[in-house]
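Trainee: Chains as they are written, first to last, in our numbering: chain A, 8 to 100; chain B, 8 to 100.
Just so it is clear, CB atoms sit at the ideal spot from N, CA and C, and this is done for glycine as well.
The structure's right below; bear with me while I get my questions together.
2 protein chains.
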Amino acid sequence: MELNPKKTAVIFKAFCDESRIIILQILKDGEKCACRLLEALNITQPTLSHHMKTLLDSGIVNGRKEGKWMYYSISEEGLKKAQEYLDYLKGEV
Amino acid sequence: MELNPKKTAVIFKAFCDESRIIILQILKDGEKCACRLLEALNITQPTLSHHMKTLLDSGIVNGRKEGKWMYYSISEEGLKKAQEYLDYLKGEV
DNA sequence: ACCACATATAGAGATTTGTCAATATGTTTT
DNA sequence: AAAACATATTGACAAATCTCTATATGTGGT
């Protein structure tokens, strides 16, 4: 656990907004195109793009470009990092 | 996993601010009085109070009043809830 | 009852964040 | 090359958040 406070906060920003939780809920079913996410949420396309940037920055979501489409999925590695931090707080280090 | 998006976001607000991460870092060592936390942080007493309220609301921290002192500690139960959510996203449900 | 101390609340200012409309970039098809 | 489409970026505004000073509340000791 060498994470500094600022970096740790960035990771968990993924989970502290309602819209992003809904996005993660959808991605839980598997990789989705941005357009599919947009259909499911009551936000505009630029707002979705903004949230996806936050999620990518957090490391909790992976992005993959295929042609004109952008595919997003949950990053097992990112989730693991978040879990490791919670374990660390539990004193299970 | 019956958590609604708003409630989930509230839980994780505990981890998405730099000052709160530092507070959790200190509480990892065990229960601490508010005055001890205040010494360790470069913030005013009302600001600390505000962050402690956020942490209590998230369920990640427990509070206990003893005389004029307020003691805070990490809530194993709260942490467990956060971890369960991350597990859920991993598809390990 | 009063004073000293620890913490909480109220209110205000500054910063950050979420949101949108408008526009730019990049890709595919015709 | 142009048109159509998917996504990203810009710039502006509103809402939420962080921070402070000032003040209130509550507790223990004198």
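At which residues does the alpha helix (DSSP H) containing B:S56 begin and terminate?
Mentor: Mapped onto the second sequence, residue 56 of chain B falls at position 49. That run of the alpha helix (DSSP H) goes 52-65.
Trainee: Which one or two residues does DSSP pair with B:C40 in a beta bridge?
Mentor: The residue you call residue 40 of chain B lines up with position 33 of the second sequence. In the DSSP output, where bridge partners are listed per residue, B:C40 has B:Y78.
Trainee: State the DSSP-derived secondary structure class of A:G85, mapped to helix, strand or coil.
Mentor: Here residue 85 of chain A corresponds to residue number 78 of the first sequence, with the count starting at 1. A:G85 falls in the helix class under three-state DSSP.
Trainee: Could you pull out every residue in the same chain whose Cβ sits closer than 8 Å to the Cβ of A:I28, ignoring the five residues on either side in sequence?
Mentor: As a position in the first sequence, residue 28 of chain A is number 21, starting the count at 1. If we look at A:I28 and ignore the five residues flanking it on each side, its Cβ neighbours are F22.
Trainee: The region 23-38 of chain B: which residues have C-beta closer than 7 Å to a C-beta of chain A, in chain order?
Mentor: Under the 7 Å Cβ criterion, the region 23-38 of chain B contributes C23, D24, E25, I28, I29, L31, K35.
Trainee: Cβ of B:I33 within 9 Å of Cβ of B:G85?
Mentor: The count along the second sequence starts at 1 and reaches residue 33 of chain B at position 26. The count along the second sequence starts at 1 and reaches residue 85 of chain B at position 78. Not a contact, by the Cβ cut-off of 9 Å.
Trainee: Is A:G66 closer than 9 Å to A:K88 when the C-beta atoms are compared?
Mentor: Walking along the first sequence from the start, residue 88 of chain A turns up at place 81. Walking along the first sequence from the start, residue 66 of chain A turns up at place 59. Yes.
Trainee: By the 10 Å Cβ neighbour count, where 16 or more other Cβ atoms means buried, how is B:H57 classified, buried or exposed?
Mentor: Within the second sequence, residue 57 of chain B is the residue found at index 50, counting from 1. Per the 10 Å Cβ criterion, exposed.
Trainee: Would you mind reading off the limits of the alpha helix (DSSP H) that contains A:K35?
Mentor: Numbered from its first residue, the first sequence carries residue 35 of chain A at position 28. Neither: A:K35 is in no alpha helix (DSSP H) and is coded neither H nor E.
Trainee: Use the C-beta contact count for B:K20: other C-beta atoms within 10 angstroms, 16 or more gives buried, fewer gives exposed.
Mentor: Along the second sequence, one-based indexing puts residue 20 of chain B at 13. With 16 or more other Cβ atoms within 10 Å, it is buried.
Trainee: With 9 Å as the threshold, decide whether the Cβ of B:D94 is near any Cβ in chain A.
Mentor: Taking the second sequence and counting its residues from 1, the one referred to as residue 94 of chain B is at position 87. Cβ-Cβ to chain A under 9 Å: yes for B:D94.
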